[in-house]
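Below is one structure, written out as C-alpha coordinates, with a few remarks after it.
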Amino acid sequence: MGAFYETIPQSLIDWILLQKVFWIASAPLSHSGHINLSPKGGSYFGVLSPSKFWYIDLTGSGIETLSHLHEPGNGRITVLFNAFSGLPRIVRLWGRGEVLEYGTGAFETFVEEREEEGVRMREMCVAGTRAVVVVSVTQVGSSCGFSMPLYEFQGCRSTLNEFFEKRVRAEEEGNRKDGIEKLVKYPFLSFSLS
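The sequence shown begins at 183 in the numbering used here and counts up one residue at a time.
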(Lines of atoms letter the chains of each structure in order from A and count residues from 1; the text may use other names and numbers.)
(Lines give C-alpha, C1' and ligand atoms only; values in the text may rest on other atoms or scores of the structure.)
Protein backbone atom coordinates (compact mmCIF):
# COMPACT_ATOMS: atom_id res chain seq x y z
CA MET A 1 0.00 0.00 0.00
CA GLY A 2 2.78 2.47 0.85
CA ALA A 3 5.32 3.71 -1.67
CA PHE A 4 8.49 5.75 -1.25
CA TYR A 5 10.26 7.99 -3.75
CA GLU A 6 13.41 10.13 -3.83
CA THR A 7 11.55 12.97 -5.55
CA ILE A 8 7.89 13.95 -5.98
CA PRO A 9 6.29 12.07 -8.91
CA GLN A 10 4.28 14.27 -11.28
CA SER A 11 1.07 12.39 -10.40
CA LEU A 12 1.53 13.36 -6.74
CA ILE A 13 2.44 16.97 -7.63
CA ASP A 14 -0.84 17.29 -9.53
CA TRP A 15 -2.76 15.85 -6.56
CA ILE A 16 -0.90 17.93 -3.93
CA LEU A 17 -1.68 21.19 -5.73
CA LEU A 18 -5.42 20.41 -5.52
CA GLN A 19 -5.44 20.01 -1.73
CA LYS A 20 -6.89 22.75 0.49
CA VAL A 21 -5.09 21.81 3.74
CA PHE A 22 -1.61 20.61 4.61
CA TRP A 23 0.31 20.04 7.84
CA ILE A 24 3.84 21.11 8.78
CA ALA A 25 5.86 19.17 11.37
CA SER A 26 9.25 20.12 12.80
CA ALA A 27 11.23 19.61 15.99
CA PRO A 28 14.21 21.09 17.78
CA LEU A 29 17.38 19.02 18.06
CA SER A 30 17.01 18.95 21.86
CA HIS A 31 15.22 15.97 23.39
CA SER A 32 13.43 18.29 25.80
CA GLY A 33 11.90 20.58 23.14
CA HIS A 34 8.42 20.29 21.68
CA ILE A 35 7.58 18.70 18.36
CA ASN A 36 5.60 21.29 16.42
CA LEU A 37 2.66 20.44 14.17
CA SER A 38 0.85 23.27 12.39
CA PRO A 39 -2.08 23.17 9.95
CA LYS A 40 -1.91 25.36 6.85
CA GLY A 41 -4.70 26.25 4.47
CA GLY A 42 -5.28 28.11 1.27
CA SER A 43 -3.16 28.37 -1.84
CA TYR A 44 0.10 29.06 -0.04
CA PHE A 45 2.04 26.09 -1.45
CA GLY A 46 3.97 25.60 -4.66
CA VAL A 47 6.35 23.16 -6.34
CA LEU A 48 9.60 24.38 -7.91
CA SER A 49 10.74 20.96 -9.14
CA PRO A 50 10.27 17.29 -8.21
CA SER A 51 12.93 17.83 -5.53
CA LYS A 52 11.99 21.28 -4.19
CA PHE A 53 8.82 23.02 -2.99
CA TRP A 54 7.86 26.12 -1.02
CA TYR A 55 5.11 27.38 1.21
CA ILE A 56 4.23 30.74 2.72
CA ASP A 57 4.49 30.81 6.51
CA LEU A 58 1.80 33.03 7.99
CA THR A 59 1.76 34.43 11.51
CA GLY A 60 0.05 32.25 14.08
CA SER A 61 0.18 31.53 17.79
CA GLY A 62 2.28 28.53 18.75
CA ILE A 63 4.00 28.03 15.39
CA GLU A 64 7.60 27.03 16.07
CA THR A 65 8.65 25.88 12.61
CA LEU A 66 10.84 28.89 11.77
CA SER A 67 12.66 28.57 15.09
CA HIS A 68 13.40 24.91 14.41
CA LEU A 69 14.58 25.61 10.87
CA HIS A 70 16.84 28.44 12.06
CA GLU A 71 18.41 26.26 14.76
CA PRO A 72 22.06 25.56 13.83
CA GLY A 73 22.42 22.03 12.46
CA ASN A 74 18.67 21.49 12.15
CA GLY A 75 16.41 22.32 9.18
CA ARG A 76 14.36 19.11 9.35
CA ILE A 77 10.76 19.44 8.23
CA THR A 78 7.88 17.17 7.19
CA VAL A 79 4.84 18.26 5.20
CA LEU A 80 1.75 16.04 5.10
CA PHE A 81 -1.23 16.16 2.75
CA ASN A 82 -4.29 13.97 3.13
CA ALA A 83 -7.41 13.54 1.03
CA PHE A 84 -10.60 14.83 2.62
CA SER A 85 -12.61 14.02 -0.51
CA GLY A 86 -12.28 11.65 -3.43
CA LEU A 87 -9.99 8.64 -3.26
CA PRO A 88 -8.17 8.17 0.06
CA ARG A 89 -4.49 9.14 0.14
CA ILE A 90 -1.80 10.48 2.46
CA VAL A 91 1.44 12.01 1.15
CA ARG A 92 4.43 12.95 3.28
CA LEU A 93 7.27 15.13 2.03
CA TRP A 94 10.42 14.94 4.16
CA GLY A 95 13.15 17.48 3.66
CA ARG A 96 15.35 20.30 4.84
CA GLY A 97 13.91 23.79 4.95
CA GLU A 98 15.42 27.19 4.29
CA VAL A 99 13.68 30.28 5.70
CA LEU A 100 13.41 33.38 3.49
CA GLU A 101 12.23 35.99 5.98
CA TYR A 102 9.74 38.64 4.89
CA GLY A 103 11.45 41.88 3.93
CA THR A 104 14.86 40.37 3.18
CA GLY A 105 16.57 40.43 -0.20
CA ALA A 106 16.26 36.63 -0.48
CA PHE A 107 12.51 36.85 0.13
CA GLU A 108 12.06 39.64 -2.45
CA THR A 109 14.16 37.80 -5.05
CA PHE A 110 12.14 34.60 -4.55
CA VAL A 111 8.83 36.45 -4.87
CA GLU A 112 10.00 38.28 -8.01
CA GLU A 113 11.18 35.04 -9.63
CA ARG A 114 7.80 33.40 -8.99
CA GLU A 115 6.01 36.48 -10.40
CA GLU A 116 8.11 36.18 -13.58
CA GLU A 117 6.98 32.53 -13.82
CA GLY A 118 3.33 33.63 -13.67
CA VAL A 119 2.71 32.78 -10.01
CA ARG A 120 0.74 35.59 -8.32
CA MET A 121 3.12 35.59 -5.41
CA ARG A 122 2.67 39.22 -4.34
CA GLU A 123 -1.06 38.60 -4.05
CA MET A 124 -0.40 35.48 -1.95
CA CYS A 125 1.93 37.31 0.46
CA VAL A 126 -0.82 38.75 2.63
CA ALA A 127 -0.16 41.13 5.52
CA GLY A 128 0.42 38.26 7.99
CA THR A 129 3.24 36.69 5.95
CA ARG A 130 6.34 35.94 8.03
CA ALA A 131 8.45 34.03 5.52
CA VAL A 132 8.63 31.73 2.55
CA VAL A 133 10.03 28.32 3.46
CA VAL A 134 11.82 26.53 0.62
CA VAL A 135 12.22 22.78 1.19
CA SER A 136 14.69 20.44 -0.50
CA VAL A 137 13.07 17.00 -0.60
CA THR A 138 14.95 14.08 0.95
CA GLN A 139 12.14 11.52 0.67
CA VAL A 140 8.49 11.23 -0.39
CA GLY A 141 6.02 8.73 1.01
CA SER A 142 2.52 7.87 -0.18
CA SER A 143 0.10 5.71 1.80
CA CYS A 144 -3.52 4.62 1.66
CA GLY A 145 -5.35 6.99 4.01
CA PHE A 146 -8.21 4.50 4.30
CA SER A 147 -9.13 5.66 7.83
CA MET A 148 -9.26 9.38 7.00
CA PRO A 149 -12.75 10.89 7.33
CA LEU A 150 -14.49 12.65 4.45
CA TYR A 151 -15.06 16.40 4.70
CA GLU A 152 -16.55 18.93 2.34
CA PHE A 153 -14.56 22.11 1.69
CA GLN A 154 -16.66 25.24 2.33
CA GLY A 155 -14.10 27.99 1.85
CA CYS A 156 -11.08 29.74 3.34
CA ARG A 157 -11.37 31.91 6.44
CA SER A 158 -10.56 35.60 6.03
CA THR A 159 -9.99 36.39 9.74
CA LEU A 160 -6.16 36.37 9.72
CA ASN A 161 -5.96 38.53 6.60
CA GLU A 162 -8.47 41.04 8.02
CA PHE A 163 -6.65 41.16 11.37
CA PHE A 164 -3.31 42.00 9.76
CA GLU A 165 -4.75 44.36 7.15
CA LYS A 166 -5.97 46.54 10.07
CA ARG A 167 -2.48 46.48 11.61
CA VAL A 168 -0.82 47.42 8.31
CA ARG A 169 -3.25 50.33 7.86
CA ALA A 170 -2.53 51.53 11.41
CA GLU A 171 1.22 51.37 10.74
CA GLU A 172 0.85 53.27 7.45
CA GLU A 173 -1.17 55.96 9.25
CA GLY A 174 1.62 56.39 11.81
CA ASN A 175 -0.05 54.48 14.65
CA ARG A 176 2.85 52.27 15.71
CA LYS A 177 1.09 51.17 18.92
CA ASP A 178 -1.54 49.26 16.93
CA GLY A 179 0.70 48.64 13.92
CA ILE A 180 2.13 45.46 12.53
CA GLU A 181 5.77 46.01 13.50
CA LYS A 182 5.41 44.70 17.06
CA LEU A 183 3.61 41.59 15.81
CA VAL A 184 6.20 40.48 13.26
CA LYS A 185 9.29 40.50 15.46
CA TYR A 186 10.81 37.06 15.89
CA PRO A 187 11.00 36.35 19.64
CA PHE A 188 11.35 32.65 18.87
CA LEU A 189 14.87 33.17 17.49
CA SER A 190 16.22 32.89 21.03
CA PHE A 191 16.11 29.09 20.53
CA SER A 192 14.52 28.54 23.90
CA LEU A 193 13.42 25.02 24.66
CA SER A 194 9.71 25.32 24.06
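Even glycine gets a Cβ: it sits at the ideal position worked out from N, Cα and C.
3-residue-minimum beta strand (DSSP E) runs that sit fully inside the stretch 288 to 365, ordered along the chain: 311 to 325
Check whether G257 and R271 have beta carbons under 7 Å apart: Locating residue 257 in the sequence shown gives position 75, counting from the first residue. Locating residue 271 in the sequence shown gives position 89, counting from the first residue. Not a contact, by the Cβ cut-off of 7 Å.
Beta-bridge partners of K202, as assigned by DSSP: Indexing the sequence shown from 1 puts residue 202 at position 20. In DSSP, K202 forms no bridge with anything.
Local conformation of I190 per DSSP, three classes: Residue mapping note: residue 190 aligns to position 8 of the sequence shown, counting from 1. Here DSSP, grouped into helix, strand and coil, assigns I190 to coil.
Start-to-end residues for the beta strand (DSSP E) that takes in L240: On the sequence shown, residue 240 is found 58 positions in, with the first residue counted as 1. That run of the beta strand (DSSP E) goes K234 to L240.
Status (buried if at least 16 other CB within 10 Å, exposed otherwise) for N357: Taking the sequence shown and counting its residues from 1, one reaches residue 357 at position 175. Exposed.
Residues near I245 by beta carbon distance below 6 Å, same chain, minus five either side: Counting from one through the sequence shown, the residue named residue 245 turns up at place 63. These residues qualify, in order along the chain: S220.
Outcome for S340 when other beta-carbon atoms lying within 10 angstroms are tallied against a minimum of 16: Looking up residue 340 in the sequence shown gives position 158. Classification for S340: exposed.
Candidates S225, G224, P210 and S231, of which the one nearest I190 by Cα: As a working note, residue 190 is residue 8 in the sequence shown. The candidate whose alpha carbon is nearest that of I190 is S231.
Cutoff 8 Å; reference R304; Cβ partners in own chain excluding five residues on either side: Mapped onto the sequence shown, residue 304 falls at position 122. The answer, listed in chain order, is V293 and E297.
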